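Residue numbers (this note's numbering), protein chains in the order written: chain A, 1 to 309; chain B, 1 to 309.
Report on one structure; see the data block that follows.
Number of protein chains: 2
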Amino acid sequence: MKACIDIGGTKVAVGLAPAGAKPEILARQSEPTAKTGTPLALSEQILRLVDAACAEAGVDPAQVQAAGVSSAGPFAKRDGCIELVTPNICGGLAGPARGLPNDWMSVPVEAPLARRFARLRVENDCVAALEAERRWGALQGADHCAYVTWSTGIGVGLCVDGRVLRGKNGNAGHAGHSFVREDAQALCGCGNVGDVEALVAGNAIARRFGQDAAHWLGRASQGDAQAVATVDDLCRVLGRMLYNLVATLDLERISLGGSVFWHHRAYLLPKLQAEVLAHFPALTQGVLLQPAGLQDRVGDFAALALAPD
Amino acid sequence: MKACIDIGGTKVAVGLAPAGAKPEILARQSEPTAKTGTPLALSEQILRLVDAACAEAGVDPAQVQAAGVSSAGPFAKRDGCIELVTPNICGGLAGPARGLPNDWMSVPVEAPLARRFARLRVENDCVAALEAERRWGALQGADHCAYVTWSTGIGVGLCVDGRVLRGKNGNAGHAGHSFVREDAQALCGCGNVGDVEALVAGNAIARRFGQDAAHWLGRASQGDAQAVATVDDLCRVLGRMLYNLVATLDLERISLGGSVFWHHRAYLLPKLQAEVLAHFPALTQGVLLQPAGLQDRVGDFAALALAPD
């Protein structure tokens, strides 16, 4: 039996799954992410939710010896163990202006959970989603691939030569914070001005264009000229990020998910695909963009894909 | 005894090196790159140069059972073997306008050389340079790193989690053909408009600004205001590419070489370092840019670093 732990800026969800290869969740418990008390409050909350999920499923907690943790990033390492330095959780990073009820600079996750679970793997949520898509979704059989979420933010998980990329602190895949054009207006939550996330993420669309992504995508798919132009430009920015990933890493396939993309995937996918194929044929020829094979359940199975048997 | 083979658009160089860990070349032979006859002319030329190097060094050619090949890219694969689809070698790619004396669409390298050498490794020249810098240069001990050449073109070799990245056709590292700003003027040899190489590579500087890199860098380091502004903008573009690599791959160290960079490294390095550190501290803090530890001999040792013992 293994625990699947999702840590987001808004909520924490814990599921229980049987050992084995099937994507199957037996019980699920969730709560708003703990943000008060000491930074250990979050790992204590997680362990409490694991016990609650065990009670719900009628499982002896001692049987749960493995866990996968899929978390919002970025990460830092202390003594080799991953801690969260996530702006939506750690109030000390941006100071009181951010309005979080704590002054945490980082949140230990790997060290406290390793005391509870014999086998543990902690990854960025998009790395976790990539693992799920490689195991059960649209990236099966692809050794050179990415999972990209177009949602409130922009997240990326990367795999090259059959190996998932982690980087010095487990932060590989933060391409949402890369630059593909000059823009002196759009401020990102990370402090960058004009990075991809600041230009096209769900929260950026509302901020830049006065109405949310659903508004613009709905209008554009009905042919409204102003909306088409707006969405075309969003696709140009995200498409250039995708092309940059292909050129930098020689990828063969990209799976896409996330709330902004998912609801209008039929409209968006050809535009993104065209942007990638518009450049350097020797690198892009045959590169395939696909909707997430796990559909809108990628997130549900992300932590499960990490949990060792 | 092993052969070290460098394939460039202008010349082919072959060296002989003893087995073992030291960077040492016994004999070196080079010729202008073969570009007439059949596409096999290049591998035939290489084998002839190996024999000539053996004769020069007084070595029995039968003793040379291993080879490393460091080549200009990009690559394609046919039946799993690397072929070159290099615009400066294959005249068929861009058509007669390019003025090459052949109509080759690709050049087999791995398959014909594998018939001669029992142990063979073929890589992009920047991947090879990365291996050399990791073994003997400024990237020793770095598991998350890049080698970047700022020369006639822009090339990148990448290593994440201690493993050198190759990609589906061995083309990982073509970040010189990524986009960091919108530019509708600068045409790249690959057909892209406004990619990094089109904006800042040695050949692009001359084309865009009327004088070559040496002119602008010389003037800028003497304080000429117009040249300082020009070079600052070049560093902004290349620095954004370096930052994008750090954000995408969570790198810890980048080694830089290449003719444009090397002659003015003391002037350029702080500007590039500042551009990287100007963004998203959680990802960039502590990231170090360094001049190539092998200095201007990176290219000499690149193929040697690939050759299996």
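Cβ coordinates follow ideal geometry from the N, Cα and C atoms, glycine included.
If you're wondering where the values come from, they're calculated on a predicted model, not measured in any experiment.
Locate the beta strand (DSSP E) running through residue i, then write down its first and last residues.
| i | result |
| --- | --- |
| Ser71 (chain B) | Ala66 to Ser71 |
| Pro291 (chain A) | Leu288 to Pro291 |
| Leu120 (chain B) | Arg119 to Asn124 |
| Pro32 (chain A) | Ala27 to Pro32 |
Sort out for me which residues DSSP pairs residue i with in a bridge.
| i | result |
| --- | --- |
| Val148 (chain B) | B:Val156 and B:Leu256 |
| Asp6 (chain B) | B:Ala13 and B:Ser70 |
| Arg163 (chain A) | A:Val160 |
| Leu187 (chain B) | B:Val193 |
Around the C-beta of residue i, are 16 or more other C-beta atoms found within 10 angstroms, so that it is buried, or is it exposed?
| i | result |
| --- | --- |
| Arg166 (chain B) | buried |
| Gly162 (chain B) | exposed |
| Thr38 (chain B) | exposed |
| Ile128 (chain B) | Checking the sequence shown, residue 128 (chain B) turns out to be Ala, not Ile. Buried is the call here. |
| Glu275 (chain B) | buried |
| Ala172 (chain A) | buried |
| Gln29 (chain A) | buried |
| Arg115 (chain A) | exposed |
| Asp296 (chain B) | exposed |
| Arg134 (chain A) | buried |
| Pro18 (chain B) | exposed |
| Arg253 (chain A) | buried |
| Asp250 (chain A) | buried |
| Gln273 (chain B) | buried |
| Lys35 (chain A) | buried |
| Lys168 (chain B) | buried |
Considering only heavy atoms of the ligand MN, does any lie closer than 8 Å to the CB of residue i?
| i | result |
| --- | --- |
| Val107 (chain B) | As presented, the structure is devoid of all ligands, the ligand MN included, so that no description of it is given. |
Return helix, strand or coil for residue i, following the three-state DSSP convention.
| i | result |
| --- | --- |
| Cys81 (chain B) | strand |
| Ile116 (chain A) | Reading the sequence as shown, one finds Arg at residue 116 (chain A) and not Ile. Coil at Arg116 (chain A), not helix or strand. |
| Ser75 (chain A) | Correcting the residue identity first, residue 75 (chain A) is Phe in this sequence and not Ser. Phe75 (chain A) falls in the strand class under three-state DSSP. |
| Pro108 (chain A) | strand |
| Met1 (chain B) | coil |
| Asp60 (chain B) | coil |
| Gln285 (chain A) | coil |
| Phe179 (chain B) | coil |
| Phe280 (chain B) | coil |
| Gln140 (chain B) | coil |
| Glu24 (chain B) | coil |
| Ala97 (chain B) | helix |
| Leu130 (chain A) | helix |
| Leu199 (chain A) | helix |
In terms of residue numbering, what span does the alpha helix (DSSP H) encompassing residue i cover?
| i | result |
| --- | --- |
| Arg48 (chain B) | Ala41 to Ala57 |
| His215 (chain B) | Ala213 to Ser221 |
| Ala94 (chain A) | Gly91 to Ala94 |
| Phe209 (chain B) | Gly202 to Phe209 |
| Asp300 (chain A) | Val298 to Leu306 |
| Gly239 (chain A) | Ala225 to Leu249 |
| Lys271 (chain A) | Arg265 to Leu277 |
*At a Cβ cut of 7 Å, what residues of the region 216-241 of chain B count as close to chain A, listed as they run along the chain?*
The residues in question are Arg240.
*Going along the region 56-74 of chain A in order, which residues come within less than 9 Å of chain B, judged by CB to CB distance?*
The region 56-74 of chain A vs chain B, Cβ under 9 Å: Gly73 and Pro74.
*Along the region 244-258 of chain B, what residues have a CB closer than 8 Å to any CB found in chain A?*
Of all residues in the region 244-258 of chain B, only Asn244, Leu245, Ala247, Thr248, Leu249, Asp250, Leu251 and Glu252 come within less than 8 Å of chain A when Cβ atoms are compared, listed by chain position.
*According to a CB-to-CB cut-off of less than 9 Å, which residues of the region 163-180 of chain A neighbour chain B?*
Of all residues in the region 163-180 of chain A, only Arg163, Val164, Leu165, Arg166, Gly167, Lys168, Asn169, Gly170, Asn171, Ala172, Gly173, His174, Ala175, Gly176, His177, Ser178, Phe179 and Val180 come within less than 9 Å of chain B when Cβ atoms are compared, listed by chain position.
*asked:* Tell me which residues of the region 179-208 of chain B have at least one Cβ-Cβ distance to chain A shorter than 7 Å, keeping chain order.
replied: For the region 179-208 of chain B, which is checked against every Cβ of chain A, the residues closer than 7 Å are Phe179, Val180, Arg181, Glu182, Cys190, Gly191 and Asn192.
*Between the region 81-103 of chain A and chain B, which residues of the former have a C-beta closer than 7 Å to a C-beta of the latter?*
Within the region 81-103 of chain A, the residues whose Cβ lies closer than 7 Å to some Cβ of chain B are Val85, listed in chain order.
*Taking a cut of 7 Å between CB atoms, which residues from the region 263-296 of chain B lie near chain A?*
Taking 7 Å as the cut-off between beta carbons, the residues of the region 263-296 of chain B near chain A are His279, Phe280, Ala282 and Leu283, in sequence order.
*When Cβ atoms are compared, which residues of the region 99-132 of chain B fall closer than 9 Å to chain A?*
Residues: none.
*For the region 145-158 of chain A, which residues have a CB atom closer than 8 Å to at least one CB atom of chain B, in sequence order?*
Listed by position along the chain: Val156 and Leu158.
_Can you pull out the residues from the region 28-57 of chain A whose beta carbon lies closer than 9 Å to at least one beta carbon of chain B?_
Of all residues in the region 28-57 of chain A, none places a beta-carbon less than 9 Å from a beta-carbon of chain B.
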